[in-house]
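To start, the structure itself, in structure tokens.
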């Protein structure tokens with residue numbers, strides 16, 4: 008009898024692959040274990056076992072596996088089911104889900120090893136200069152890696168030289184699987200067994216210690232050892248105030264021995280808070296949430312900014328801890344994690360684990376292992392969207408904070424999932440409950456609660472009964488007529504900032520565009536420098552004095568004259584955070600001003616430094632992009648300024664008004680959160696715009712009704728599902744023809760869908776690839792799986808046409 012396993016390989020291929028195993032391997036292997044498998048002629052992949060059987064494939068002769076990597080499943084049965092749902096719903100391959108779901112340290116790499124053939128007699132005169140250089144290197148070191156060959160030859164393109172040596176049989180290839188994860192080993196100290204007896208110990212103290220420092224080190228060891236806890240070498244040397252050389256000397260004399268223990272790279276302090284004083288409104292909200300959980304699996308908490316949602320979350324998490332259950336706390340932005348973790352660890356200590364892309368691979372592996380083993384170190388996981396892929400075993404609660412945020416949707420690479428929606432499906436697999444929290448819920452979630460598909464809880468009162476901020480509109484057209492504008496600031500805004508400084512309060516200024524200015528223009532011929540690879544103008548950065556593309560990273564130095572007409576009259580247009588920061592420094596030279604955007608928060612701890620500095624009142628004004636809007640809590644902020652509200656309303660997107668309302672309301676909510684009512688100044692050229700008026704009146708329901716009417720009329724979510732097909736190629740005509748063919752094929756062959764396009768997006772070329780968009784609308788009441796299968800069939804048909812080979816199609820389901 009033959010034995011086989013089906014495995015998932017971490018590549019974008021829709022099928023699984025079958026490999027032959029022995030009977031012993033068949034009996035040992037379980038779904039969720041990793042195996043190293045040969046793939047193609049030379050590659051080796053780390054594959055995931057999906058199932059095992061005795062059915063030999065008809066199409067090809069299966070290969071044998073190389074080795075079994077795991078002793079226990081690394082992925083649970085529920086995880087595998089969840090992966091399959093993600094792949095099916097978001098129209099991607101299981102391999103892409105597998106690659107995204109596991110920390111890359113678990114995807115053991117197949118590293119190409121070049122080995123020297125010592126048995127071959129080589130005519131050295133037949134070798135080129137590069138070949139001879141490598142030959143000499145191999146004589147010294149018979150095994151080399153590709154990167155080492157590149158260093159030896161001092162060039163990147165070395166494949167041709169390697170290929171020539173392979174053809175001459177001078178070297179040969181093999182594959183070496185290696186594990187990237189390395190545990191953190193910490194050195195600990197113990198007294199050598201020789202001195203466990205009292206007489207030897209007395210002799211050591213009286214006769215064998217030659218110097219005072221040696222004696223101080225040994226005495227400090229005994230002092231620390233009285234606590235009956237392992238003594239870390241680093242701590243012992245610090246406490247004894249001696250050098251490593253002193254310790255090494257005693258180790259050689261066999262006074263001390265060293266042993267190592269694996270430790271987590273990220274650890275939190277013990278909990279120090281026990282109970283929370285809830286307001287009457289919060290107590291009522293908690294009771295209502297628990298009542299809603301009895302009727303609904305998903306409940307929406309619509310709470311105004313500053314209402315104390317985090318305290319409600321802590322109460323629900325506390326109940327999970329008491330029942331020894333696991334909980335997942337999803338946050339939309341890594342920067343928000345910092346403040347949140349500080350508050351949660353105060354109550355839960357080391358029961359908190361954090362999982363996001365700012366953590367190193369090794370740190371993420373440790374969190375993954377804790378969740379897999381269901382240890383108390385990861386009873387509550389705080390994470391970004393990828394944390395839904397962790398191997399939970401006893402998950403009972405998922406909290407999605409700021410559930411309206413667009414950053415919950417994965418853009419690239421596949422799977423292009425929405426973690427809020429996927430979390431609801433994951434919770435269903437565990438019979439767990441989901442709480443969606445927001446001051447400005449997404450229209451989809453609010454509609455679901457309106458239809459009673461979700462439970463609904465409203466909290467309209469701020470935590471300390473402080474009123475919502477006063478919102479003042481500044482009409483920039485009128486202000487300019489009356490000459491009440493100083494550069495980019497209205498006089499009203501400058502006066503409000505001055506007043507906040509006088510009262511010892513802090514200020515936030517919001518502008519959703521980074522850099523100094525989005526456009527540099529020639530005043531003579533109106534030429535604007537564009538990126539060489541993308542169809543987009545270059546953003547000017549004054550500090551670095553260069554122009555930069557935000558899509559591909561291309562930079563060029565600031566030109567001294569126009570590249571088109573050679574005029575020296577160049578000017579900047581538009582407003583970025585860097586320009587606001589500069590203008591503030593000129594008006595308030597003695598104030599401490601900082602900027603929070605993608606350019607200033609690249610480092611691992613950059614967010615933490617900015618947030619801690621602002622919280623500790625080391626910064627007077629923070630200028631920032633939408634990072635400021637995402638749930639940050641600063642109790643000394645009395646003023647928020649929105650520099651240009653109109654730029655949010657003119658974005659070419661059916662969600663523009665919804666997003667603008669959410670963004671302005673969330674930013675406004677940072678003002679006056681503790682002791683006094685805050686103030687918000689919105690600078691705009693269109694103060695009577697419906698959305699801006701709805702923000703000033705805090706009229707979410709008015710915005711909801713208006714937008715839902717538009718969505719119903721024009722067939723947008725939540726009444727229709729959207730699938731966006733993005734097609735790319737370096738040849739504009741080829742991608743245009745291919746997209747026309749695909750759109751026509753779907754219109755002719757698939758009933759029940761609406762196909763729009765193809766059309767060019769506002770930026771139609773990125774990284775020298777021309778783009779065409781086809782938008783598909785699926786009625787909410789249609790069998791979605793059947794329609795998706797038909798769409799996938801059309802895309803597969805396109806890929807078989809030779810003339811359209813190379814046109815890449817990217818699928819985004821539930822496009823946001």
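Residue numbers (our numbering): 8 to 823.
For every residue, glycine included, the Cβ atom is placed at its ideal position computed from N, Cα and C.
If you're wondering where the values come from, they're calculated on a predicted model, not measured in any experiment.
In the structure shown, the three-state DSSP call for residue 327 is helix. DSSP, read as helix, strand or coil, puts residue 144 in helix. A distance of 7 Å or more separates the beta carbons of residue 411 and residue 364.
In terms of CA proximity to residue 798, 756 leads the group 756, 707 and 46. Nearest to residue 438 by C-alpha distance, out of 305, 508 and 516, is 305. Here residue 299 is buried, its C-beta having at least 16 other C-beta atoms within 10 Å.
The Cβ atoms of residue 442 and residue 288 lie no closer than 7 Å to each other. Looking at the DSSP output, residue 123 bridges to 178.
Remark: C-beta atoms of residue 480 and residue 689 approach each other more closely than 7 Å. Contiguous alpha helix (DSSP H) elements confined to the region 618-702 occur at 653-656 and 663-675, taking only those with 4 or more residues. The beta-carbon separation of residue 243 and residue 266, rounded to 13 Å, does not stay under the 8 Å limit for a contact.
Shown here for residue 523: same chain residues with a beta carbon closer than 6 Å to its own, the five before and five after excluded, namely 547, 548, 549, 583, 585 and 586 in chain order.
If you check the CB distance, residue 433 and residue 395 come in under 7 Å.
Membership of residue 377 in the alpha helix (DSSP H) is indicated by the continuous run 368-379. Looking from the CA of residue 105, the closest CA among 96, 568, 121 and 86 belongs to 86. Counting the other CB atoms within 10 Å of its CB gives residue 148 a total below 16, which places it among the exposed residues.
Per DSSP, residue 64 has no beta bridge partner at all.
The Cβ-Cβ distance between residue 603 and residue 631 falls below 7 Å. Around the C-beta of residue 125, fewer than 16 other C-beta atoms lie within 10 Å, and the residue is accordingly described as exposed. In the structure shown, residue 251 adopts helical secondary structure according to DSSP, grouped into three states. The region 388-461 is shown to contain whole alpha helix (DSSP H) runs of 4 or more residues at 426-437 and 450-457, in chain order.
Between residue 292 and residue 464, the C-beta spacing is below 7 Å. DSSP places residue 362 inside the beta strand (DSSP E), whose first and last residues are 359-362.
Note that the region 721-739 does not touch the region 684-702; fewer than 3 beta-carbon pairs, one per stretch, sit closer than 8 Å. Rounded to whole angstroms, the separation of the alpha carbons of residue 514 and residue 609 is 23 Å.
By the C-beta density criterion, residue 332 is buried, having at least 16 other C-beta atoms within 10 angstroms. A Cβ-Cβ distance of about 28 Å is found for the pair residue 360 and residue 823, leaving them out of contact under the 8 Å criterion. CA-to-CA, the gap between residue 658 and residue 666 works out to about 10 Å. In the DSSP assignment, residue 46 forms a beta bridge with 50. Bridge partners of residue 536 according to DSSP: none are assigned. DSSP places residue 732 inside the beta strand (DSSP E), whose first and last residues are 727-736. Residues 757, 759, 760 and 785 of the same chain have their beta carbon placed closer than 8 Å to that of residue 794, with the five preceding and five following residues left out of the count.
Scanning its chain for C-beta atoms nearer than 6 Å, with the 5 sequence neighbours on each side dropped, one finds around residue 315 the residues 289 and 470, in chain order.
Here residue 53 is buried. Its C-beta has 16 or more other C-beta atoms within 10 Å. Counting C-beta atoms within 10 angstroms of its own C-beta, residue 122 has fewer than 16 neighbours from the protein chains shown and is therefore classed as exposed.
Assignment of residue 93 by DSSP, reduced to helix, strand and coil, places it in the helix class.
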